[in-house]
Amino acid sequence: MTAGDSSPFPRFPAGFTFGAATASYQIEGAAHEDGRGPSIWDTYCREPGRIADGTSGDVACDHYHRYPEDIALLRDLGVDSYRFSIAWPRVQPTGDGPPNAAGLDFYDRLVDALLDAGIAPAATLYHWDLPQALEDVGGWRVRATAERFAAYTAHVAARLGDRVPRWITLNEPFCTAFVGHAIGRHAPGTREGSAALAVAHHLLLGHGLATRVLRETTGGEIGVTLNPDRLLPATDTPADRAATDRAETLHNRVFLDPLFAGRYPDNEADTWGELAADPTWRHDGDLDVIGTPLDLVGINYYRPITIAAAPHTDPDPATRTAVDIRAIETWQGDVRHTAMGWPVVPATFTDLLTDLARRYPAMPPVHITENGSAEDDTVAPDGQVHDADRVAYLDGHLHALADAMAQGVDVRGYYVWSLLDNFEWGFGYAKRFGIVRVDYDTLERLPKDSYHWYRALLADHRARTGGAAAGDGPTPPGAGR
Ligand code: FCB
Numbered sequence: 000m001t002a003g004d005s006s007p008f009p010r011f012p013a014g015f016t017f018g019a020a021t022a023s024y025q026i027e028g029a030a031h032e033d034g035r036g037p038s039i040w041d042t043y044c045r046e047p048g049r050i051a052d053g054t055s056g057d058v059a060c061d062h063y064h065r066y067p068e069d070i071a072l073l074r075d076l077g078v079d080s081y082r083f084s085i086a087w088p089r090v091q092p093t094g095d096g097p098p099n100a101a102g103l104d105f106y107d108r109l110v111d112a113l114l115d116a117g118i119a120p121a122a123t124l125y126h127w128d129l130p131q132a133l134e135d136v137g138g139w140r141v142r143a144t145a146e147r148f149a150a151y152t153a154h155v156a157a158r159l160g161d162r163v164p165r166w167i168t169l170n171e172p173f174c175t176a177f178v179g180h181a182i183g184r185h186a187p188g189t190r191e192g193s194a195a196l197a198v199a200h201h202l203l204l205g206h207g208l209a210t211r212v213l214r215e216t217t218g219g220e221i222g223v224t225l226n227p228d229r230l231l232p233a234t235d236t237p238a239d240r241a242a243t244d245r246a247e248t249l250h251n252r253v254f255l256d257p258l259f260a261g262r263y264p265d266n267e268a269d270t271w272g273e274l275a276a277d278p279t280w281r282h283d284g285d286l287d288v289i290g291t292p293l294d295l296v297g298i299n300y301y302r303p304i305t306i307a308a309a310p311h312t313d314p315d316p317a318t319r320t321a322v323d324i325r326a327i328e329t330w331q332g333d334v335r336h337t338a339m340g341w342p343v344v345p346a347t348f349t350d351l352l353t354d355l356a357r358r359y360p361a362m363p364p365v366h367i368t369e370n371g372s373a374e375d376d377t378v379a380p381d382g383q384v385h386d387a388d389r390v391a392y393l394d395g396h397l398h399a400l401a402d403a404m405a406q407g408v409d410v411r412g413y414y415v416w417s418l419l420d421n422f423e424w425g426f427g428y429a430k431r432f433g434i435v436r437v438d439y440d441t442l443e444r445l446p447k448d449s450y451h452w453y454r455a456l457l458a459d460h461r462a463r464t465g466g467a468a469a470g471d472g473p474t475p476p477g478a479g480r
């Protein structure tokens, strides 16, 4: 691909980071190797009916053993950076105590292999695989887990902090807190009403404590990844608009306000009612810790959500979190929906980003840490995966991102979700998000058309901006290598 005005690709500035993302439980497998302890996802997957196809991450993509092959794919793709997550139960099998050397050794090998390939590691410290032993003593419901998270972070930073230039503390605390503890569709799979608010708070506190540890011990950039939703009322009625305001607090403001505005949402009583009345788990000084300055905010974006008012159907205040809000994932207009049933409306990505930048002027520069689509891919008779719908999705969203930047939003990077087809949580292996297909019988990797398309986009970007190809190398913090 040559650079020029006829290029079909959106334009990004020189120095913009392009990457691909994965997460430990979704790809690593090797669930019982080298001293890894059980996580809440190991437990959850074994509970009947939790995972659509009855599977688990026990083997997944076997990335734990095949990481050199996966790094070769990243290198050939030409990405600047790779976002992966570190499994806490590999580093501390029970979430406490001294580190498990074999677990840290794996990430040490991974980081070195990435750097050797000229790819900047972007490490997420928590992508949902809490050590089961911590869940057994209260999990994120208790403050001690935030402190344990900071101690785990210190072990990881001591080993990898000299070589990892970008750190993400948490991935999508909304999912941990509310999908995990209120809706009950992620591990630990409970419906606990007000306890989910305490979980959200302890996640934020853990994030702040971990940020301080990283700041003291590493030279890398530090951020947190959120999944702020673009929420739109189903109708213009006062009831639907009020429900959307409550949903905005439930999904977004509960994290964004403490992180970037130094306050808890002023309308939380409207959202939570009596559930928020007695937050004894909030201590003086917590907001200062949570608001510790960051270098970046990671944003994961997939689709808009329509919100309608719905009557309370659950009379029990202990379990009735937000059941007066109905989230609708189909779109009223004529748009395509992905294999997840999610509407493809790229302009909502632009709107989300410009809206966040306007509402949170203190928000740090943005990295899009996930964006992609699940499609019903098949291998064609020619042996290739012609995933034109995924290419159209990525193209639309990258143009929408460029539009947001043209409107002044400070975005520094974009990571496609995902490098590989993988274990998609409650959907098991049925939903394929990869730009590389994984054959789950043979574990063979097959780059899809979207991989080749993204590779061409990156080559076009480098040709326009004079950037280095992968292999020419980012410079890690404290680089003596
Ligand atoms: C996000 C998760 C990621 C993946 C995508 C599809 O919510 O962070 O692990 O499952 O959705």
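Residue numbers (numbering that gives the first Met the number 0): 0 to 480.
All residues carry an ideal CB built from backbone N, CA and C; glycine is no exception.
Should residue i be listed as close to the ligand FCB, given that the test is whether its C-beta is under 7 Å from any heavy atom?
i: N251; result: no
i: N226; result: yes
i: W424; result: yes
i: N370; result: no
i: Q25; result: yes
i: W416; result: yes
i: C174; result: yes
i: E171; result: yes
i: N266; result: no
i: F177; result: no
i: Y105; result: Here the sequence assigns Phe to residue 105, which means Tyr is not the residue at that position. No, since every heavy atom of the ligand FCB falls outside the 7 Å radius drawn around the Cβ of F105.
i: F432; result: yes
i: A22; result: yes
i: N299; result: yes
So, for residue i: in the same chain, excluding its five sequence neighbours on each side, which residues have a beta-carbon less than 6 Å away from its beta-carbon?
i: N251; result: P227
i: G395; result: P345
i: T464; result: A13
i: L442; result: D61
i: R389; result: S372, E374 and S449
i: A29; result: Y63
i: P37; result: Q131
i: D420; result: R431, G433, R436 and V437
i: A86; result: S23 and D128
i: W280; result: A197 and H200
With a threshold of 8 Å on Cβ separation, who are the neighbours of residue i within its own chain once the five nearest residues in sequence on each side are excluded?
i: L286; result: P257, G261, R262 and Y263
i: I367; result: G297, I298, N299, Y300, L400, V410, G412, Y413 and Y414
i: R35; result: A29, A86, P88, R89, P92, N99 and G102
i: A429; result: A51, D52 and E423
i: I323; result: Per the sequence shown, the amino acid found at residue 323 is Asp instead of Ile. Answer for D323: A242, R245, A308, A309, P310 and H311, listed in chain order.
By a C-beta neighbour count over all protein chains shown, 10 Å radius and 16 as the cutoff for buried, is residue i buried or exposed?
i: E328; result: exposed
i: S5; result: exposed
i: G18; result: buried
i: E247; result: buried
i: V296; result: buried
i: H31; result: exposed
i: I282; result: Reading off the sequence shown, one finds His at residue 282, where the question assumed Ile. With fewer than 16 other Cβ atoms within 10 Å, it is exposed.
i: R74; result: buried
i: Q493; result: With the chain covering only 0 through 480, there is no way to say anything about residue 493.
i: P363; result: buried
i: A100; result: exposed
i: R89; result: buried
i: A334; result: The question names Ala, but residue 334 is Val in the sequence shown. V334 should be labelled exposed.
i: D128; result: buried
i: G479; result: For G479, the pLDDT reaches just 30, beneath the cut-off of 50, and the residue's location in the model is therefore unreliable, leaving the point undetermined.
i: R45; result: exposed
i: Q91; result: buried
i: D515; result: Here the chain has residues from 0 to 480 only, and residue 515 is not among them.
i: A59; result: buried
i: E215; result: exposed
i: V378; result: exposed
So, at 7 Å on beta carbons, what are the nonlocal neighbours of residue i in its own chain, with the 5 sequence-adjacent residues on each side left out?
i: F11; result: A401 and H460
i: T291; result: G207, T210 and R211
i: P9; result: L397, H398 and A401
i: E171; result: T224, L225, N226 and N299
i: Y43; result: R49, A186, P187 and G188
i: A176; result: A195, V198, A199 and L202
Cβ of residue i less than 8 Å from any chain D Cβ?
i: P232; result: Here there is only one protein chain, and chain D is not present.
Inset, instruction - Evaluate the contact criterion for the region 12-27 versus the region 115-126: three or more CB pairs, one atom per stretch, below 8 Å. - result: Touching, yes.
Inset, instruction - Report yes or no: do three or more beta-carbon pairs, one from the region 142-153 and one from the region 201-217, lie closer than 8 Å? - result: Because the criterion of three Cβ pairs below 8 Å is met, the region 142-153 and the region 201-217 touch.
Inset, instruction - Please confirm if the region 437-454 is in contact with the region 381-388, defined as three or more CB-CB distances below 8 Å between the two stretches. - result: Judged by Cβ distances under 8 Å, the region 437-454 makes contact with the region 381-388, as three or more pairs qualify.
Inset, instruction - Decide if the region 213-225 is in contact with the region 160-176; the criterion is three or more beta carbon pairs, one per stretch, under 8 Å apart. - result: Enough Cβ pairs lie closer than 8 Å, so yes.
Legend entry - the region 55-70 / the region 107-114 touching (three or more Cβ pairs under 8 Å): These segments touch.
Inset, instruction - Would you check if the region 355-367 and the region 332-346 touch, i.e. whether three or more CB-CB distances between them fall below 8 Å? - result: No, the region 332-346 is not in contact with the region 355-367.
Inset, instruction - Check whether the region 145-152 touches the region 80-96, taking contact to mean three or more Cβ pairs, one atom from each stretch, closer than 8 Å. - result: In this structure the region 145-152 lies against the region 80-96, because at least three pairs of beta carbons, one per stretch, are closer than 8 Å.
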